[in-house]
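J.: In the working numbering, the protein residues as written are 4 to 271. Okay, here's the structure, questions in a sec.
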């Protein structure tokens with residue numbers, strides 16, 4: 004790293020925090036991609052692969068797209084199941100003392116698209132979370148482009164209903180707890196749907212108490228008493244995990260997602 008140019012050192016500092024994404028790194032009027040991201044994007048987007056001096060013996064593979072037309076390129080990557088982290092210049096280059104400050108302002112994923120040009124008008128664009136253990140399951144479905152949020156708690160061992168609900172909502176992206184990720188029926192469902200991006204959420208996202216706090220902060224209706232939350236702990240964990248992920252990736256105001264519709268297995 005010490006041999007890299009200052010700009011490339013900055014690039015890698017950002018890239019290490021978004022290793023599962025294609026990083027769109029703003030340089031002037033372009034979003035540039037480097038190294039493995041450049042090689043992948045050049046093939047997927049049919050871009051010319053070039054190189055840039057980076058301080059090492061070999062030039063860094065590079066390709067780029069104009070920032071004013073980046074949306075179409077991002078849409079093509081998202082449609083193929085990739086995640087795109089958008090790294091912007093966060094200060095005026097003319098005012099910068101040294102290297103221009105940059106940071107990721109948003110991560111675009113298959114289930115978090117909001118731009119109308121990137122959405123299919125004939126279907127909702129759901130992202131979901133699934134929490135599962137031996138005592139039950141919790142589901143949460145959200146379409147951030149419309150503001151719809153639905154969630155349910157299911158009894159223990161009812162994986163078939165979980166799969167049925169996944170089929171009914173047909174999500175573009177799924178955040179799964181460890182047990183849900185390793186469940187054979189759920190895994191088979193997602194294997195049959197290559198258009199859905201599956202993310203292993205990490206158990207820390209599904210912690211019940213943290214999820215309670217997340218729900219109280221997110222939803223404007225102050226109806227989440229401790230007793231009500233305790234009656235649906237799996238649903239609470241699913242909702243909390245999903246909104247933790249949304250705030251992490253979107254980094255902007257999600258106040259339009261302020262109404263939660265709870266439903267039960269009797270309504271299926």
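Yeah, the Cβ is synthetic: ideal placement off N, Cα and C, and Gly gets one too. Keep in mind the model is a prediction, meaning the values are calculated, not measured.
1) Tell me the residue span of the beta strand (DSSP E) that contains residue 48.
2) Do the region 21-39 and the region 80-88 touch if we need at least three Cβ pairs shorter than 8 angstroms?
3) Could you compute how far the alpha carbon of residue 49 sits from the alpha carbon of residue 40?
4) In terms of residue numbering, what span does the beta strand (DSSP E) encompassing residue 132 cover?
5) For residue 177 versus residue 202, is the C-beta spacing smaller than 8 angstroms?
6) From this set, 136, 149, 105 and 132, which residue's C-alpha is nearest residue 124's C-alpha?
7) Which of the three DSSP states, helix, strand or coil, is assigned to residue 92?
8) For residue 259, does the count of other Cβ atoms within 10 angstroms reach 16, so buried, or fall short, so exposed?
9) Nearest-angstrom Cα distance between residue 34 and residue 84?
10) Do the region 157-164 and the region 129-145 touch if we need at least three Cβ pairs shorter than 8 angstroms?
11) If residue 209 sits next to residue 134, beta carbons under 8 angstroms apart, how far is it from one beta carbon to the other, in whole angstroms?
12) Using the Cβ count rule (16 or more neighbours within 10 Å means buried), how would you classify residue 32?
13) DSSP beta-bridge partners for residue 243?
14) Using the three-state DSSP reduction, which class does residue 63 fall into: helix, strand or coil?
15) From this set, 11, 114 and 38, which residue's C-alpha is nearest residue 198's C-alpha?
16) Whose C-alpha, out of 180, 147, 179 and 188, is nearest the C-alpha of residue 167?
17) Tell me the DSSP bridge mates of residue 265?
18) Let me make sure I understand the geometry here. Which of 77, 6 and 60 has the alpha-carbon closest to that of residue 36?
19) Spatial neighbours of residue 104 within its chain, please: CB distance less than 8 angstroms, with the 5 preceding and 5 following residues excluded, ordered by chain position.
20) Determine the direct distance from the alpha carbon of residue 53 to that of residue 262, and round the result to whole angstroms.
T.: According to the structure shown:
1) For residue 48, no beta strand (DSSP E) encloses it, and the DSSP letter there is neither H nor E.
2) yes
3) Spanning the alpha carbons of residue 49 and residue 40 requires a straight line of approximately 13 angstroms.
4) 130-136
5) yes
6) 149
7) Residue state, collapsed to three classes: strand.
8) exposed
9) 20 angstroms
10) Contact between the region 157-164 and the region 129-145 is present, because at least three Cβ pairs lie under 8 angstroms.
11) 5 angstroms
12) Burial call: exposed.
13) Residue 243 pairs with nothing; no bridge assigned.
14) strand
15) 114
16) 188
17) 154
18) Nearest option by C-alpha distance: 77.
19) So the list reads 92, 93 and 94, once near-sequence residues are dropped.
20) 48 angstroms
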